[in-house]
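Asks: Take this structure, written in structure tokens, and hold onto it; I'll ask about it next.
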Amino acid sequence: MISGGDDRTVRVWDVQSAEEILRIPLTRQWPRAIAITHDGRFAVTAAESAVLKLWSLESGAEVRTFRGHSARANSVALTDGGLLISGSDDHSVRVWDLDTASPLHVCNAHHGRVSSVASLSGGRFAVSASDDCDIKIWDLTSGVLVATHTVESPVLACAASPCGAEVVAGDRSGLVHFISLEAGAGSAGHDGLRAGAADGLSRG
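Each residue of the sequence shown is one higher than the one before, starting from 225 at the first, in our numbering.
Have a look at this one:
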């Protein structure tokens with residue numbers, strides 16, 4: 225298990241013994257988001273700055289730095305295919321090559337801070353949530369916007385179902401939205417996924 229705290233550290237824990245295995249200090253930074261690679265060997269952190277960092281979970285060493293956002297990054301997600309997705313206060317979603325830290329796509333369709341990102345459908349697509357009340361689906365191969373679903377309140381978080389066929393998003397009003405993703409033409413006739421029916425359930 226991995227955690228980030230107000231003490232400006234990232235810590236790795238043994239789930240069975242509840243003992244701390246590794247501690248990574250983040251100098252003058254509070255961790256805002258953490259994502260672990262699928263092999264469990266590395267973690268990506270988003271902190272108070274615009275810079276993302278890749279860390280070894282074996283040694284605690286900093287491996288790679290990702291620079292490109294112009295404001296604080298709020299969320300990170302990883303795909304099976306070695307892509308890093310990030311969302312920022314600069315209103316952008318960025319897609320990176322995890323192995324080289326090279327920026328692949330800059331997705332600029334949001335008009336507010338991007339609060340959350342998640343990987344969909346085996347890493348071919350991503351979902352982003354924003355203060356602009358939009359939930360957007362992106363094609364990670366091309367960086368093209370596939371679909372947009374708009375709600376009535378700023379969206380604080382989003383996640384994908386294990387099968388990748390549904391997005392769950394929570395907004396500031398207390399509603400949780402369940403959005404079905406359907407095969408077919410999305411925005412501008414783009415082939416892939418589109419946002420289908422959505423239900424809003426109050427959790428507050």
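The beta-carbon is built from N, C-alpha and C at its ideal position, and this holds for glycine as well.
Name the two residues that bound the continuous beta strand (DSSP E) containing Gly311.
Replies: 307-312
Asks: Exposed or buried, Thr324, counting other C-beta atoms within 10 Å across all chains shown (16 or more means buried)?
Replies: exposed
Asks: Quick check on Ser345: does DSSP put it in helix, strand or coil?
Replies: helix
Asks: According to DSSP, is Arg235 part of a helix, a strand, or is it coil?
Replies: In this structure, Arg235 counts as strand in the three-state DSSP scheme.
Asks: Looking at the structure shown, is Ala381 part of a helix, part of a strand, or coil, going by DSSP?
Replies: Reduced to three states, the DSSP call for Ala381 is strand.
Asks: Mark His176 as exposed unless 16 or more other C-beta atoms lie within 10 angstroms of its C-beta, in which case mark it buried.
Replies: In this structure the chain extends from 225 to 428, so residue 176 is not present and cannot be described.
Asks: From what residue to what residue does the beta strand (DSSP E) around Trp362 run?
Replies: 358-363
Asks: What are the start and end residues of the beta strand (DSSP E) that includes Ala271?
Replies: That residue, Ala271, is in no beta strand (DSSP E); it is neither H nor E in DSSP.
Asks: Quickly, what does DSSP pair Thr324 with across the bridge? List them, please.
Replies: Paired residue(s): none; Thr324 is not in a bridge.
Asks: Is it buried or exposed, Ser310, if we count other Cβ atoms within 10 angstroms and call 16 or more buried?
Replies: buried
Asks: Do we get a CB-CB distance below 8 angstroms when we pair Thr261 with the residues of chain B?
Replies: Among the chains of the structure shown, chain B does not appear; only one protein chain is present.
Asks: Measuring alpha carbon to alpha carbon, tell me which residue in Ser241, Ile260, His293, Arg252 is nearest Leu226.
Replies: The sequence given here places Ile at residue 226; Leu does not occur at that position. With distances taken between Cα atoms, Ile226 lies closest to Ile260.
Asks: Check whether the Cβ atoms of Ser339 and Ser299 lie closer than 8 angstroms to each other.
Replies: yes
Asks: Should Arg265 be counted as a contact of the ligand ADP given a C-beta to heavy atom distance under 7 angstroms?
Replies: Because no ligand of any kind appears in the structure shown, any question about the ligand ADP cannot be addressed here.
Asks: Could you check what DSSP says for Trp254 in three-state terms: helix, strand or coil?
Replies: Of the three classes helix, strand and coil, the one that applies to Trp254 here is coil, per DSSP.
Asks: Helix, strand or coil, according to DSSP, for Arg427 in the structure here?
Replies: Unreliable placement is indicated for Arg427, whose pLDDT of 38 sits below 50; the coordinate value is still reported in the next sentence. In this structure, Arg427 counts as coil in the three-state DSSP scheme.
Asks: How would you call Gly428, buried or exposed, if buried means at least 16 neighbouring beta carbons within 10 angstroms?
Replies: For Gly428, the predicted structure reports a pLDDT of 34, less than 50, and the residue's modelled location is therefore unreliable. The matter cannot be settled from this model.
Asks: Identify, in the order they occur along the chain, each residue of the same chain with its Cβ nearer than 7 angstroms to the Cβ of Asp314, setting aside the five sequence neighbours on each side.
Replies: His293, Ser294, Ala295
Asks: Can you check whether the CB of Ala389 is closer than 8 angstroms to the CB of Leu405?
Replies: yes
Asks: Across the segment 280-292 and the segment 368-383, are there enough close Cβ pairs to call them in contact, namely three or more that are closer than 8 angstroms?
Replies: no
Asks: Taking its Cβ as the centre, do 16 or more other Cβ atoms sit within 10 Å of Val239, making it buried, or is it exposed?
Replies: exposed
Asks: Mark Cys387 as exposed unless 16 or more other C-beta atoms lie within 10 angstroms of its C-beta, in which case mark it buried.
Replies: exposed
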